[in-house]
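Following: one structure in C-alpha cells, then a few remarks.
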Amino acid sequence: MKLSLGWLREFVDLGGRSAEEIAQVLTMRTALIEGIEWRGRGIEGVVVGKVLAKAKHPNADRLNVCTVGIGAETFEIVCGAPNVDAGQTVFVAQVGAVLPGDFRIKRSKIRGVESNGMICSSKELGLGEDHDGILVLEDELASGTALSDVPGVVDAIFEIDNKSITHRPDLWCHEGFARELAAIYGIEFRPATTATEPRPGDAGVRVVLEADDLCGKYHALMLRGSLGGPAPALVRRRLEACGLRSISLGVDLTNYVMLEIGQPTHLFDARHVGGGTIRVRRSTAGERLRTLDDVDRELPADTCVIADATRALAIGGIMGGVESGTRADTTEAILEAAWFEPVRLRRTSTGLGLRTDALARFEKHLDPGLAERGMRRFVALLARFAPAISAAPTYTVAGSRAQGVLRLQVRPERVRSRLGVATSVESMIDPLQRLGFRVTVQGDQLAIDVPTWRATRDVLGEDDVVEEVGRMIGYDTIAPVLPHVVCAPVTLEPSLVAWRAASATLRERFGFAEVLSHATADDQQWARAGMSETAPAVRLKNPLQQNAARLRRSLAPALLEFVDRNIRTVEHVRMFECGRVFVPELGDGEIPAQPLALCAVVADRVTRKGEGGLLLRQLKGMLEDLARVWTATLRFEAGIGVDARGFAHPSRCARIVDERGEFGFIAQVRPDVADRFGWRGEVAIFEIDVDRAVESVSRASTYVPLARFPDVKVDLSFITDFELDFARIEREWRAASTLLADVELVDEYVAPPIPAGKRSLTMRLRFRAVDKTLTDAEVGVEIEKLKTWLAAQGAQLRA
Amino acid sequence: MSSDLDRALDEAVLAAKSALTRCTTVDDWEAAATAHLGRKSAINGLLRQIATLPTDQRGPFGKRANESSRTLTAEFDARKADLLANSLAAVRDFDPSTPGVALRRGHEHPVLAIRREVEDVFVSMGFRVQDGPEVETEAYNFEALNIPSHHPARDFQDTFWVDDPAGRRLVMRTHTSPMQVRAMRQFGAPLRVIVPGRVYRNETADATHESAFHQVEGLVVDRGISVAHLKGVMAAVLGRLFGGEVAVRLRPHYFPFVEPGFELDFQCRFCAGAGCAVCKGTGWIELLGCGLVHAHVLKAGGVDPEAFTGFAFGLGLDRLTMMRHGVEDIRHFHGGDLRFFEQF
Ligand SMILES: [Zn+2]
C-alpha cells in the first residue's frame, strides 16, 4: 500500500520532520516502510503556464508552435505532444529549468523554429508514466505559480509492507497512519471530518437485506449531479500518487474515501437499479455477472450479491458490475457504504480468483461503524471537491451489525514481565490513550476500552495491549538479557546425529559432495531411473508442474539425474544426499511415514578393462566404514528383489536387512540403464533408511587385549564360484580351526583368465594361541584343515 | 708373520683413508665404504684372520685391527654426514609453491554447513535439536498456529496441498513452526528447542525464489520469558555466528502465532550500518521473524499461558548462505551441479 506524506499532513501536523525520519519512526513502531518514492523532486524552474495559441510548425507535420503565457510574458515553444491545445493550463519548463535526472532545458532551434523551453508531460516531471502527451492542469491555477506550490505535486510516497499490517484493519488508509504518528510524536491528531447530514429515513431507494450473515450493515444514499466528469486535479494527483487510476469524479471520490479512512464504498447509476430496490442476497446456482474488469464470472455459492429486483448488479465487497456503474452521463447515483462479513468474503474471493482493494480492506474485518462514517465522509468531500453534486438529506440503512465496546483487564505487571522492562503505569497509559484506548486505573489493574477500529480482530486480549505499549515505548529501549535456565543435558535426535556423522565421513574420508534434490520427483526422471509407475507415492494436489506431482519415495532417481548432469565433465562423481522420503502406505494415521534416507552414488566416466564391478565393491567398503563410524551393524544379503528398482543390476546388488526386513540396498546401475543415459563407465549406488540403520548402534566396545605371543601369517589363494560366499567360508573356517584368529580379504579378482562365474580370492589368515608361540608344524595342521574343507567345496587352490 | 699382517693392516687403513678423502658425493662414499669397510674389504679379511692366529699373536694384533676398524668407521660416518648435508642442500627438487598432491576432497552443502553452525551455537546454549515431518497436517501447519482457514495470513504462504486418498488435509509444511506445537506436546515446559529443516512454498523458482528452502525454528518456553530475553538470545547467537558484537533491532511485524511479533534486523556487516548495496541503503538486513509465543499456540501445545511464556523465531538459511558467499542464484542449492559444490 502507498501513503502520501502530503495527504497524511492533513490529519496530523508533522512540522518540519523529514520523510526519511517519519519512515524510520513508522518502521520501528508501526509497520515496515519499504521505500520512499519522491514525486516532483529535483525540479527547478518549472512553473504553471497557459497555452495562448497553437500553430502548425512550418516544417514538420507533427509539431506545433505554441504561444505560452507565464504571467505577463509570452514565449514560443515547439511542442510535439498530440494533445496540446490552446487554452490549456500546463507546466512549462523555462530555459534554464532542471528536470529529474538532471535534464537541463536549453534554448534550441527545432526544424528552424526557436523553442524557448518545454511543455512537460507527467513522465518528464517524474510524476507518472504517461508520456503520450503533456500534463494538462486545472484551469484555476494562476499562471506563474511554481510547481512546488501546486497542491499535491511535490510529495513523498511511502511504500508500506502489506504483510506487516495484515492484522490492522485501521491501517489500510491515511487516517490510521496519521493517528499512529500523532501517538508516537505526542502531537495533535485531526481525524477526517464528516457531514452531519444526511439522516436515516426514506431515501428514495429501498434496501432489502436478505443475507444478513454476509452483509451486516448497508447504507444507501441518493446523489444528484454529474458524477461522470473528471475529478479535481488534487484528487486525481493523490490517487495516482497512491497507485490508483483516475476514472471519474464519482469513482475517484469513492477511492479517495477508501484511501483516507479505509472504508470502501461503491456507486450505482440509479438508472440501472430496477424498481428502486437494492436486494442484498446470496448468489443463485450458476449465477453470472460481468464485472467492472469486463470479465464474465460465475459467482460461487454464498457470494454476497448486490442486486435489484431482477438481476445482480455487483459482487458485494469485491467488485461492481460493468453495467450498473456510473458513466459519463450519470446524473443520479446511489452510494453504497456497507460492511461485509470477512470470512465469507475471502471464500468468495478465493472462489473467483479475484482480489481488489476493497476486498483487501473488508477481509481485515473493518469496524461496521466505519460504513456510516465512510458515507458521511463522502458527503463532506462533495462539499470540498464537487459542490455541484447534492446528496439526499436522508439515507436508507439496513442491518444491525455493530462493534461493541471491548473492555480488557490489563495487569501492568504482566506488561512489564512480557516486555522485560520496568516501565511506569503512566508511560503505559499515555500512548494507549493517544491511540484511542480509554484507560481507567482500577487498583493494580488497568481497565482498557478498546476502540472499535481496533477491537474487531486485532486487540482482543491483554497480550495485545502489551504489544501496543511495547511498540509505543519503543522496542529499542528494551535492553537484551539472557534468560536464567535450568541446567540439563540436551538430547540430540539419533537420526540427526547419524546424518552429521554420515556427512562428515562421506565427505572427509571419501571425498563425496553433499547435495540436495527436490522433494518432488518428475515423471520423466522417475521413468529414466526405471522406477515403477505404480509404486504408491504421496501426490500433490497443486504441483508447480503437472508432471512433478509425486513426492519422492527414494532419493536414487534424483541422484542418478545429478550423475548425468556431471559425468561428462567429471572423471569420478561422488555425491550423496540425506533427506526425507515419503511412504504413503506407512505412517501413524495422521501423516504419511517420512523416514530420513541416505543415498550415495559413485560414478566413473570410464571403467577400465578388468575393473568391472570394482566400483560397487568400493562403495560397499565405504558404506561398511560408515557403519563402523555409526557403530551400527549392517547385514547384507543376496539382493533378491533389489532389481524391482528398475535401475538396479539383478546380480550385482545386495539387500541391507535387519530382523524386520529390508531397509536399504546397494547395487550397480544396470548397463542398459547406463546406456539409456549415455554413460560409458559404471555407476554404483546405495540407499538406506537412516533411522533403521542407527537402531543397531551399540556403545559396547569391541576392544581385544593385545596378544602376548606373535601371530603366524599365511596367505591362501583359491578359485571358487559365487555360490560359495565369503561369509560362509569365514564361518566354516573359524569353526574348523580354533587357532584361526583373523581372516582378511586381500584380493578378489573376477576378470580373465579366471573363468566367467568364478573368482580368485586371496585371504590373509592369522593364527594365534593365547599361551605360546605356534610352531610351523602346528600351523600347517590348521591350514590343511582349511584346505581340505575348501577342496570339498570344489574350490581350486592356487600355488 | 705378524709384521706382514701389520703391514697389510696399515696399507688397508691408508687405502681406506685415501679413498674417503677422494669422496665428493654420497654415491662415491657408498662405493668407498663397500670397498674398504664392507664384507669383502681388506680390513674385514684381516679381522676374520684374527681367529686363525696363534694365541700369543691374537691379542696385540686383534686389538690393533679392531681399533683401526672402529676409527675408520667413525671417520666414514662423519664424512657421510657431511656429504649428505652438502648434497641435500645442493640439489633442488622441491618447489614450495607447487600445490601438494591432492587427495580427493569432499564438499559440504553450503546451506547445510550454515545449518550445522547454527545448530552448534544453540546446542552450546542448551537447546535441543529436533527434526519434524515435511508433510504436515493442516491443523499443525496452520490452525494450531492461530491461522484458521479464512485467515489473510494464508495468502502469504502459497501452500502445496497433498492429494490424500484418505481425505486427510495435508500440506507440505510452509514453515518449521508446526514443530513448536509438536515439541511442546512432546516435551512440555520449560523447553528450549530448535528445529532445522526444509520447508516448501508453491512458488515458481527464479534466481531469488525457490519452492523449497531451509529454516531453523527456535522456541524457548519458561517462566517469565520476555522480549528482553528474545533480544538477548538472538544477539548472543548472532554474535557467535558472525563473530563479534552484532547490533540487532526489532521491528513490529505481524505473524499470527506470536504476540507481539517482530522482524529482527541486524546491522549490515558490509557497511557497518552506513548503508550500501547489500542492505539497500538502510544499514540493516532483515534476518528473521520472531515474537512472544501467542497464548493460543501455548494452549495448543498443552502449556498454561499464565504460568509460562515463551519466544519463538524462524530463521531462513538460504538467503543467509547466499549473502555469506555471494551466491547469485538460489537454484544452485538444489541443482546438483558439481561445479557449484566443489567450491565449498
Ligand atoms: Zn550495508
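From first to last, the protein sequence lines are chains H and S. The opening position of the first sequence corresponds to residue 413 in this note's numbering, with each subsequent residue numbered one higher. The opening position of the second sequence corresponds to residue 334 in this note's numbering, with each subsequent residue numbered one higher. C-beta: ideal position from N, C-alpha, C; glycine also.
Query, Result
"Determine whether the beta carbon atoms of S/E471 and S/R437 lie at a separation below 8 Å.", "no"
"Would the region 1123 to 1143 of chain H count as touching the region 1189 to 1196 of chain H if we require 3 or more Cβ pairs under 8 Å?", "yes"
"When you compare the CB of H/T442 with every CB in chain S, is at least one pair closer than 8 Å?", "yes"
"Note down, one range per segment and in chain order, each beta strand (DSSP E) of at least 3 residues found wholly within the region 761 to 831 of chain H.", "806 to 810 and 818 to 822"
"Do you know whose CA, among H/A745, H/D542, H/R591 and H/L549, lies nearest H/V617's CA?", "H/A745"
"Measure the Cβ-Cβ separation of H/L665 and H/F790 and say whether it is below 8 Å.", "yes"
"Per DSSP, H/D984 forms a beta bridge with which residues?", "The sequence given here places His at residue 984 of chain H; Asp does not occur at that position. Partner(s): H/D1016."
"Consider the Cβ of S/P429: report whether some Cβ of chain H lies at a distance smaller than 8 Å.", "no"
"Check each candidate in H/T903, H/I690 and H/R756 and name the one with the smallest Cα separation from H/T808.", "H/I690"
"Please list, in chain order, the chain H residues whose beta carbon lies closer than 7 Å to that of S/T470.", "E1002 and I1003"
"Among all the DSSP beta bridges, which residues are the ones paired with H/S1129?", "H/T1174"
"Counting only runs that start and end within the region 588 to 676 of chain H, where is the beta strand (DSSP E) found for 3 or more residues in a row?", "618 to 621 and 627 to 636"
"Considering just the uninterrupted stretch of the alpha helix (DSSP H) at H/W911, what are its terminal residues?", "P906 to E920"
"Can you check DSSP and say which residues form a bridge with S/P585?", "S/F595"
"Looking only at its own chain, which residues have a Cβ that is under 8 Å from the Cβ of H/R919, when we skip the five neighbours before and after it?", "A925 and E926"
"Just to confirm, does S/F603 get its C-beta within under 7 Å of one of the non-hydrogen atoms of ligand 1?", "yes"
"Compare the C-beta of H/F994 with all C-beta atoms of chain S and state if any pair is closer than 8 Å.", "yes"
"Got a sec? Which residues, its chain only, sit under 8 Å from S/A538 by beta carbon, not counting five neighbours each side?", "S544, I663 and R664"
"Please confirm whether S/F475 has its beta-carbon closer than 8 Å to some beta-carbon of chain H.", "no"
"Where does H/I1166 land, buried or exposed, given buried means 16+ other C-beta within 10 angstroms?", "exposed"
"Count the other C-beta atoms from every protein chain shown that fall within 10 angstroms of the C-beta of H/Q1273, then say buried if there are 16 or more, exposed otherwise.", "What is shown of chain H runs 413 to 1211, which leaves residue 1273 of chain H out entirely."
"Among residues of its own chain, excluding the 5 on either side of H/S1172, which ones have a beta-carbon nearer than 6 Å to its beta-carbon?", "I1131, Y1161 and I1166"
"Which residues mark the beginning and the end of the alpha helix (DSSP H) in which H/A1079 is found?", "Careful: H/A1079 lies outside any alpha helix (DSSP H), inside the beta strand (DSSP E) at G1073 to V1081."
"Do H/S812 and H/R636 have their beta-carbon atoms positioned less than 8 Å apart in this structure?", "no"
"Of all the CB atoms in chain H, is at least one closer than 8 Å to the CB of S/H483?", "yes"
"Let me make sure I understand the geometry here. Which of S/L631, S/V611, S/D670 and S/E363 has the alpha-carbon closest to that of S/Q519?", "S/L631"
"Just to confirm, are S/L379 and S/A398 a CB contact at a threshold of 8 Å?", "yes"
"Is it the case that the CB of S/G608 approaches a heavy atom of ligand 1 more closely than 7 Å?", "yes"
"Along chain H, in chain order, which residues have C-beta atoms closer than 7 Å to that of S/F666?", "L928"
"Please decide whether S/P432 counts as near chain H, where near means a Cβ-Cβ distance under 8 Å.", "no"
"Can H/A1009 and H/V1095 be called in contact, C-beta distance under 8 Å?", "no"
"Looking only at its chain, what residues have a beta carbon closer than 6 Å to the beta carbon of H/G454, apart from the 5 residues adjacent to it on each side?", "P512"
"Run down chain H in chain order and give the residues with a C-beta less than 7 Å from the C-beta of S/D464.", "E905, S907 and L908"
"Does the region 566 to 580 of chain H come into contact with the region 457 to 465 of chain H, if we say contact requires no fewer than three beta-carbon pairs (one atom in each stretch) closer than 8 Å?", "no"
"Would a C-beta distance cut-off of 8 Å place S/G669 and H/F974 closer than the cut-off?", "yes"
"Please confirm if the region 339 to 348 of chain S is in contact with the region 1150 to 1158 of chain H, defined as three or more CB-CB distances below 8 Å between the two stretches.", "no"
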